[in-house]
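A short write-up of the structure that comes next.
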């Protein structure tokens with residue numbers, strides 16, 4: 022099936038630093054989504070991207086839909102301790118058997 | 015409050031003992047889905063339902079059953095659980111297909127299942 026690649030599996034940063042994570046695929050997607058999962062909870066949608074090249078911000082978070090439609094990145098600026106969690110990308114492609122495909126997630130740790 | 019609820023939140027059981035994890039949403043959503051989350055594997059879809067009485071397999075349906083008799087409920091059934099079904103399970107719902115505009119997918123709090 023379709024696969025989304027997120028790496029590395031874990032990232033460790035210092036509070037106040039910016040961090041960027043990307044998500045790549047061999048397939049084209051019509052939608053890219055970024056979710057965050059806090060410890061002990063379900064994922065929550067951070068940003069949704071629906072058009073190639075689209076750049077969208079949500080507070081300190083910025084995400085972009087790659088121009089090739091095969092990738093997306095998420096940037097967190099001026100990280101704070103509550104940014105800790107697992108960040109998932111997800112891609113959606115319309116057509117027969119449309120479904121959401123998730124990446125494996127990146128666990129972010131923020132050192133105070 | 016708009017939410018997706020799951021019960022139980024934690025369950026320890028033994029191999030072969032049938033169990034059901036319930037999922038309910040109060041947002042009148044058409045689309046509901048079950049995922050399992052395993053370390054290093056991320057979220058994998060088990061089954062989904064686009065409407066009442068309409069269900070379809072996801073990526074990892076083996077060993078699971080679902081039903082959608084009412085719009086708000088989407089229980090996950092393990093007829094004969096095995097240790098490889100030990101995992102963290104999430105139910106989710108959205109108005110329509112979750113990758114389309116204005117169709118944010120809401121996740122439940124998760125059910126941690128251990129099969130001994």
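Residue numbers (our numbering), protein chains in the order written: chain A, 22 to 133; chain B, 15 to 130.
Beta carbons are placed, not taken as given, at the ideal position from N, Cα and C, and that holds for glycine.
Note that the structure is a prediction, hence the values are computed from the model and not measured.
- A distance of 8 Å or more separates the beta carbons of residue 120 of chain B and residue 110 of chain B.
- Runs of beta strand (DSSP E) with 3 or more residues, each lying fully within the stretch 37-90 of chain B, are found at 45-52, 56-65 and 68-71, listed in chain order.
- Counting every other CB atom within 10 Å of its CB across the protein chains shown gives residue 46 of chain B a total of 16 or more, marking it as buried.
- Around the beta-carbon of residue 88 of chain A, fewer than 16 other beta-carbon atoms lie within 10 Å, marking it exposed.
- CA-CA distance, residue 25 of chain A to residue 25 of chain B, rounds to 31 Å.
- A residue is called buried once 16 or more other Cβ atoms fall within 10 Å of its Cβ, and residue 109 of chain A is buried on that count.
- Neighbours of residue 111 of chain B in chain A, taken as residues whose beta carbon is under 7 Å from its own, are 119 in chain order.
- Neighbours of residue 62 of chain A across chain B, judged by C-beta separation under 9 Å: 121, 123 and 124.
- In the three-state DSSP reduction, residue 85 of chain A falls in the strand class (E or B).
- Taking 8 Å as the Cβ-Cβ cut-off, the stretch 90-116 of chain A approaches chain B at 109, 111, 112, 113, 114 and 115, given in chain order.
- With its beta carbon less than 8 Å from one in chain B, residue 126 of chain A belongs to the interface.
- By the C-beta density criterion, residue 92 of chain A is buried, having at least 16 other C-beta atoms within 10 angstroms.
- Take the alpha-carbon of residue 90 of chain A and the one of residue 81 of chain B: they are about 35 Å apart.
- Taking C-alpha positions only, residue 33 of chain A is separated from residue 66 of chain B by approximately 44 Å.
- The beta carbon of residue 52 of chain B is closer than 7 Å to those of 101 in its chain, skipping five residues each way along the sequence.
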